[in-house]
Amino acid sequence: MGKKKSAALIVLFTVVLVGLVFMSVASFPVSAVYNYNSLLSMIDLSTDLGGGYTAVYYPEGVISQEEYNALAADYEDKKDEADAPENPKDLYHQYGGVYIENESWNSDEEDVTEAFRNEFDSAFRALQNRFEQKSYSAYSIKLQDGYTIRVDVPYTDEDVTTMFDTMAYSGRLYFSDSDDTVSLASKNILMEGTSQYIREAGATAYGDGYASYIRFTSEGQSEFASITGSLAESSSSSSDSSSSSSSATLYIYMGENILTSATVSSALDQNTVFIYNSNSPMTQGEAETLAAVINSALIDENVFDINLDASRIATFEPTLGVNAALIAAIVFGALIVVMLIVSLIRFKGMGLAHLYGFLTYAVVFVLCLAFIDAVQLSVAGVIAIALSAAVMVFFNWYAFKNIREEFASGKTLTASVKAGYKKSLAFTIDAHIVLLLLSAALCLISTGTMFYAGLILVLGTVISAACTLAVTRFCLYVFLAQPKNKIAFCNLKREETEDE
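Written as C-alpha cells, this is what we have:
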C-alpha cells in the first residue's frame, strides 16, 4: 500500500473514530432549546444501575395507615354532627401496616376471610405472570404488609400510570360490540377469550412502532371470523339505510375495562390478528403490556375479580447507589486507558493498531446498546461487556505474540505478520464460536437479568470477532506503510546467536 493512500485512510479513519468517540461520551447544547445527549446516556439501564418506578397495589377493602388516619381525623372533626361519618375503628381491622375492612376480615382466625385470600392470591399470581412477560432486565414483585403488592420496574418508554393500571385489570377477557364500561349486563358478549379460542398473545415490531398480536386456535379462528363477519354484515345493513360508514367497532374487554378496540369492515378469517394504531404507533412496552394481560387471562387460576388500586406510584434510586452507573463507567474507562497504554508500550505500532481496533469495538458496542430497544444494561451486562472486551484484548495480543515469534525465527516482517495471524486464526475463531454458542444458550434458557447479559455477550462476541480478525489487522497493514524503520515501529527483535 502506498504512503499517500495509507495516510488518507489513517486520516479518514481517525476523524470518523474520534467523532464517534466524542458522540458517545459528550453531551452539549446545540441551540437554546435543544441539547445533544451522548450515546452513553441513551442506554437503557436496569434497576441496579438506573433506578426505576415502584408501585404498591392495594386490593379493594385494604387501605394504608395514611388513609386510615385521614378517616379517623375526619371522624373526630364531625362526630358530633348529624351526618357524622362512621368511626373507622368500627369499619377496619389493623393488620401490620395496613387496615382491612371488616367484610374481608375473619375475627375467629385473626386473618382475612378465605374468599378474600383466594382472590388476593389469584391477583398476585396474575401480576407475577404479567410482569414476567415484560422485557425488563430486572424487576421485583413481592408482598408487602401481607396483603398489598409492591412492584419495582426499570424506567420504561410507556406511560407508567397507564401501564400499572392496565397490568392490574381484573375479570375475564371477552370480545364485545358495546362500549358501555358501566353496566356489564348491557354488554353483548360475542366471544370469551379463553385458551379454547386463543393460543397466545405477543408483541412484535410493526411499521414505525410495535403491535400486539393474538394467535387463535383453529376453533378460535373460526369463531373470530364468524363474529367479525356478523359485525361487518350488520354494519353494512345499517349503512344502507342511514348512508353512514359501513364499519363496526369490536372491543376487547378485561372485566369492565376496555383493553383495545378495532374497526371491522369484513370477516377476519386468519389465525393471527395484529392490534396497532397507525396514527399513534405503540411503543414496545405498550404492546407487551397488552399482550401480557391477554395471556394471563388464558390461565384460569390467574383470573381474579378483586379490584387493585395502583395509584401509589413513585420513583426509586438505583439499588447499587445513585452514582453506580457513573462509577462503573469511570472504573471501566480507567481500565481501558491502562490497557491501551500497556499495549502501546509493549507492542508500539501493533499496539497502535490494537488501539484503533479496540476503540472501533467500543463505539460499535455503544451504538448497539443505545439504539437496540431490546437491550437493558445491568451489572451482569457490564460483566458481559468486560468479558467480551477481555477476549478481544487477549486475541489481539495473542496474534502480536505470534508475529514476534515468527520474526524472531528469521522471517521478514511481512511474512511474520502473515504467519502470525495465520497461526492465531484457528484458535481465535474457535474461541469466539464457543463463546457465541454459550451466550446464545444463556439467552434461550434464561429470563430477566441473565437474558440481557447473554444478549449483550452475543453482541460483544460478534463485535470482538469482527474487530480482532478484520479491523485491527487492517489498521496494522495501513500503519506499516508509513514508517521507514518498520521493525522498530513494531518493537520487534531477532534472537541473537553466538558464533562458535
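Just so we're aligned, residue 0 is where the sequence shown starts under numbering that gives the first Met the number 0, counting upward by one.
Just so you know, even glycine gets a beta-carbon here, dropped at the ideal spot from N, CA and C.
Does DSSP put residue i in a helix, in a strand, or in coil?
| i | result |
| --- | --- |
| Gly201 | strand |
| Ser211 | strand |
| Tyr33 | coil |
| Gln481 | coil |
| Glu191 | strand |
| Ala309 | strand |
| Asp110 | strand |
| Glu100 | strand |
| Lys141 | strand |
| Leu11 | helix |
| Tyr135 | coil |
| Pro87 | helix |
| Tyr146 | coil |
| Tyr52 | strand |
| Tyr275 | coil |
| Ser26 | coil |
| Gln375 | coil |
| Gln64 | helix |
| Asp156 | coil |
| Val321 | coil |
| Asp429 | helix |
| Arg493 | coil |
| Ala261 | strand |
| Asn105 | strand |
| Ser177 | coil |
| Ala266 | coil |
| Ser242 | Because the pLDDT at Ser242 is just 47, under 50, the model does not fix this residue reliably, and the value given afterwards should be weighed accordingly. Coil, per DSSP. |
| Thr248 | strand |
| Tyr57 | strand |
| Phe303 | coil |
| Tyr94 | strand |
| Gly332 | helix |
| Asp79 | coil |
Would you call residue i buried or exposed, if buried means 16 or more other Cβ atoms sit within 10 Å of its Cβ?
| i | result |
| --- | --- |
| Ile213 | buried |
| Ser121 | buried |
| Ile329 | exposed |
| Ser242 | Only weak support exists for where Ser242 lies, its pLDDT of 47 falling under 50; the coordinates are left without a value. |
| Asn36 | exposed |
| Lys133 | buried |
| Ile148 | buried |
| Arg493 | exposed |
| Ser438 | buried |
| Thr446 | exposed |
| Glu503 | In this structure the chain extends from 0 to 499, so residue 503 is not present and cannot be described. |
| Gln93 | exposed |
| Gly206 | exposed |
| Ile513 | In the structure displayed, the chain extends from 0 to 499; residue 513 sits before or after that span and is not available. |
| Ile455 | buried |
| Glu405 | buried |
| Ala202 | buried |
| Leu448 | Strictly speaking, residue 448 in this sequence is Thr, with Leu absent from that position. Counting Cβ neighbours within 10 Å, Thr448 comes out buried, since at least 16 surround it. |
| Lys78 | exposed |
| Gly219 | buried |
| Asp43 | buried |
| Phe315 | exposed |
| Ser103 | buried |
Can you tell which of the options has the C-alpha that lies nearest to the C-alpha of residue i?
| i | options | result |
| --- | --- | --- |
| Glu59 | Leu16, Val111, Val15 and Asp82 | Val111 |
| Ile257 | Ser233, Glu222, Arg171 and Lys421 | Arg171 |
| Thr271 | Val374, Thr314 and Thr216 | Thr216 |
| Ala398 | Ala418, Ala385 and Leu386 | Ala418 |
| Thr46 | Ala465, Val378, Ala430 and Leu267 | Val378 |
| Ile99 | Asp79, Glu118, Ala266 and Tyr67 | Tyr67 |
| Leu532 | Leu142, Glu113 and Phe115 | Any question about residue 532 goes unanswered here, given that the chain covers just 0 to 499. |
| Lys364 | Ala389, Leu458 and Glu118 | In the sequence as presented, Lys is not what sits at residue 364; that position holds Phe. Nearest of Ala389, Leu458 and Glu118 to Phe364, Cα basis: Leu458. |
| Glu255 | Ala313, Asp164 and Glu218 | Asp164 |
| Asp144 | Ile62, Ala333, Val362 and Leu44 | Ile62 |
| Ser106 | Glu118, Phe370 and Leu90 | Leu90 |
| Met162 | Tyr275, Val292 and Leu386 | Val292 |
| Ser265 | Ile298, Leu230 and Ser295 | Leu230 |
| Ser139 | Asp156, Phe393, Ala373 and Ala54 | Ala54 |
What distance in whole Å lies between the Cβ atoms of residue j and residue i, which are believed to be in contact at a cut-off of 8 Å?
| i | j | result |
| --- | --- | --- |
| Leu376 | Leu368 | 6 Å |
| Tyr250 | Ser177 | 7 Å |
| Val263 | Ser246 | 6 Å |
Consider the Cβ of residue i: report whether some Cβ of chain C lies at a distance smaller than 8 Å.
| i | result |
| --- | --- |
| Ala309 | In the structure shown, chain C does not exist; there is a single protein chain. |
Say the cut is 7 Å; is the CB of residue i nearer than that to a heavy atom of the ligand FAD?
| i | result |
| --- | --- |
| Val461 | Questions concerning the ligand FAD fall outside what the structure shown contains, since it holds no ligand whatsoever. |
At least 3 beta-carbon pairs within less than 8 Å: the segment 301–315 vs the segment 158–171 = Three or more Cβ pairs drawn from the segment 301–315 and the segment 158–171 lie within less than 8 Å of each other, which places the two stretches in contact.
Would you call the segment 465–478 and the segment 355–366 in contact, with 3 or more CB pairs under 8 Å?
-> yes
Are the segment 313–321 and the segment 48–56 touching, with three or more C-beta to C-beta distances below 8 Å?
-> yes
Decide yes or no for the touch test of the segment 215–230 against the segment 280–295: beta carbon pairs closer than 8 Å, at least 3 of them.
-> No, the segment 215–230 does not touch the segment 280–295.
Between the segment 377–394 and the segment 24–33, are three or more C-beta pairs nearer than 8 Å?
-> no
Looking at C-beta atoms only, is the number of pairs between the segment 336–348 and the segment 473–482 that lie closer than 8 Å three or more?
-> yes
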